[in-house]
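In this note's numbering, the protein residues as written are 2 to 164.
Positions of the beta carbon are idealized from the N, C-alpha and C atoms, including for glycine.
Here the structure comes first, spelled out in structure tokens, and everything after it is commentary.
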């Protein structure tokens with residue numbers, strides 16, 4: 002049976018941060034997911050670290066690019082491999098709040114007209130303390146008003162429908 006959500010996490014030389022990202026995914030209240038980690042040619046301990054997590058949790062799939070492809074190609078590779086119709090993005094240096102996947106999944110289940118959701122974000126310093134936050138348009142109307150301005154999405158917080 003396919004998971005309800007596929008999480009795509011690209012990584013390149015992220016041995017110092019990826020453990021916290023993986024722990025935050027494992028701490029999700031929503032548990033019906035698969036995680037596809039695309040290691041884009043890391044030469045540090047990133048691959049070994051992810052492999053240890055994958056050995057403990059079968060929902061974690063490690064895919065290693067033989068040569069460095071780039072962020073965009075790695076993300077596309079993860080999407081091609083995803084088993085779910087809902088795809089969530091996380092970066093290797095992100096810590097996601099425990100209810101993120103649950104809230105996004107539930108919202109998309111009750112709003113078929115919505116194809117993409119994103120969240121704001123807290124920016125952390127090297128000690129993990131909140132130093133700032135990012136708040137983005139929250140409604141379709143707000144996005145429409147910004148059509149002629151630069152619209153930025155906080156990519157690591159996005160959940161999209163495959164369609």
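Apply the 10 Å Cβ neighbour rule to residue 93 and answer buried if 16 or more other Cβ atoms are within range, or exposed otherwise. buried
Buried or exposed for residue 135, going by 16 or more other Cβ atoms inside 10 Å? exposed
Report yes if the CB atom of residue 157 is closer than 9 Å to the CB atom of residue 90, and no otherwise. yes
Backbone CA spacing between residue 46 and residue 60 [nearest angstrom]: 21 Å
Identified DSSP bridge partners for residue 34: 6
Looking at the structure shown, is residue 96 part of a helix, part of a strand, or coil, going by DSSP? coil
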